[in-house]
Amino acid sequence: MKRVKPFFLFFAAIFFIILMVPSLLVAPFAEKTKATLGEELAEKKTTDVLQKESKVSVPIYRSQEKKIDEVPLEEYVVGVVAAEMPAEFEKEALKAQALAARTYIVKELFTGQNVGSPEGAVVTDTELHQVYKNEEELRRIWKKDFDWKIKKIKEAVAETRGQILTYDDKPIDASFFSTSNGYTENSEAIWPNALPYLKSVESPWDEKSEKFLAREVFTVQEFEQKLGIKIGKGNSIGKIIERTPGHRVALVEINGKKFTGREIREKLGLRSTDFSWTLKGDQIIVTTKGYGHGVGMSQYGANFMAQEGKNYKEIVSHYYQGIEISQANPFLSKYMAKK
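Residue numbers (numbering that gives the first Met the number 0): 0 to 338.
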């Protein structure tokens with residue numbers, strides 16, 4: 000074997016150093032730059048989204064303070080979900096509620112109807128529109144449970160960010176209520192308009208709700224006074240002559256006078272229009288099934304669906320027939336263009 004000359008080894012070593020040193024110097028910095036760039040891009044994306052959303056605010060008339068607050072849209076949705084649905088409910092139910100709340104306010108902003116709101120406001124913070132509470136109010140209500148409750152609700156809202164419910168490419172009337180009698184109701188059974196996505200569907204889960212059954216007791220005198228009738232003599236107090244598609248009372252006749260189920264509910268202050276009553280002595284015991292008007296999404300039904308493993312998309316698709324989940328941005332852009 001020939002002996003390798005020293006000068007050849009020297010030049011080989013120099014050549015190796017020339018090749019490797021730049022790579023060794025650049026590699027750690029390249030790796031570091033790659034990580035930093037990723038973080039910066041993620042932060043920029045989040046900032047852009049927040050800045051874009053912060054342009055849309057909801058003018059709310061605060062009924063107690065008698066003033067108008069401008070609240071960022073997604074913050075408003077958080078306040079509505081927190082006020083309208085128990086934070087103890089499953090997150091998928093809370094997400095379904097977030098879609099209903101966001102759809103409602105986007106429709107109000109987009110149409111500009113502002114019915115029942117003082118000048119300068121789009122909605123109130125009452126049941127006339129949607130109940131809304133800010134974080135200060137929620138902290139007083141929830142006390143020691145505030146942190147975990149607000150965190151859970153914010154997550155539900157964030158995970159549905161920008162999503163609304165549409166039918167024929169328009170935001171729907173995303174009505175909701177507490178508990179059904181086993182069925183939801185057709186919209187025209189309660190309100191003037193028949194809406195194709197607000198049709199009666201089965202909601203058997205509601206029987207497990209603590210609000211499914213209720214009783215009210217009236218004296219005969221109270222009953223007669225509230226309805227403006229005399230019950231007459233006999234073993235029966237009136238008769239139901241028509242029911243709604245949602246199995247509630249549509250029309251009842253008492254001693255020759257007819258009432259709609261809605262009239263009876265309002266005059267007696269009942270939980271729902273699925274009612275029956277019996278006379279015992281000088282008392283009339285009224286039993287109701289369900290809680291609320293019955294149109295749209297049952298909140299307790301949504302929660303029990305979520306407990307069975309249904310996600311928020313399946314929940315809203317069950318209660319709002321034929322709808323699509325769409326992005327709110329096109330409607331919000333048109334609203335902003337009008338301002």
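Note that the Cβ used here is the ideal one computed from N, Cα and C, for glycine as well.
Would you identify the three-state DSSP class for Val114, choosing helix, strand or coil?
-> The answer is coil: DSSP assigns Val114 none of H, G, I, E or B.
Report yes or no: do three or more beta-carbon pairs, one from the segment 250-266 and one from the segment 326-333, lie closer than 8 Å?
-> Here the segment 250-266 does not lie against the segment 326-333, with fewer than 3 beta-carbon pairs under 8 Å apart.
If you check the beta carbons only, do Gly300 and Ser179 fall under 9 Å apart?
-> The Cβ atoms of Gly300 and Ser179 sit closer than 9 Å to each other.
In terms of residue numbering, what span does the alpha helix (DSSP H) encompassing Lys257 cover?
-> Where Lys257 is concerned, there is no enclosing alpha helix (DSSP H), although the beta strand (DSSP E) it sits in stretches over 256-259.
Neighbour-count burial assignment, Leu98, 16 or more Cβ in a 10 Å radius | With 16 or more Cβ atoms within 10 Å of its Cβ, Leu98 is classed as buried.
Have a look at Gly227 and Asp273 and give me their C-alpha separation to the nearest angstrom.
-> Spanning the two alpha carbons is a distance of roughly 21 Å.
What do you reckon, are the CB atoms on Ile189 and Lys106 nearer than 9 Å?
-> With contacts defined by Cβ atoms closer than 9 Å, Ile189 and Lys106 do not form a contacting pair.
Please say whether Gly181 and Gly289 have beta carbons closer to each other than 9 Å?
-> Closer than 9 Å, so yes.
Should Asn302 be labelled buried (16 or more other beta-carbon atoms within 10 Å of its own) or exposed?
-> Of the other Cβ atoms in all chains shown, 16 or more fall within 10 Å of the Cβ of Asn302; this residue is therefore buried.
Compute the distance between the beta-carbons of Ala213 and Arg270, then report whether it is under 9 Å.
-> Yes, Cβ-Cβ distance for Ala213 and Arg270 is below 9 Å.
Supposed close pair Phe175, Gly260 - CB separation, criterion 8 Å = Their Cβ separation, rounded to whole angstroms, is 20 Å, which puts Phe175 and Gly260 out of contact at 8 Å.
With Trp141 as the anchor, note down where its alpha helix (DSSP H) starts and where it stops.
-> Note, Trp141: alpha helix (DSSP H), 134-141.
With contact counted as at least three CB pairs below 8 Å, one residue from each stretch, are the segment 191-201 and the segment 114-132 in contact?
-> The segment 191-201 is not in contact with the segment 114-132.
Under a three-way DSSP split, which group does Tyr319 fall into?
-> Reduced to three states, the DSSP call for Tyr319 is coil.
Below 9 Å between beta carbons: does that hold for Glu91 and Ile314?
-> The Cβ atoms of Glu91 and Ile314 lie closer than 9 Å to each other.
If you draw a straight line from the C-alpha of Phe109 to the C-alpha of Val130, how long is it?
-> If I take the Cα positions, the gap works out to 20 Å.
Quick one: what's Glu215 bridged to in DSSP?
-> In the DSSP output, where bridge partners are listed per residue, Glu215 has Val285.
Rank Tyr334, Val219, Phe330 by C-alpha distance to the C-alpha of Ile163 and give the top, closest one.
-> For the set Tyr334, Val219, Phe330, the Cα lying nearest the Cα of Ile163 is the one of Phe330.
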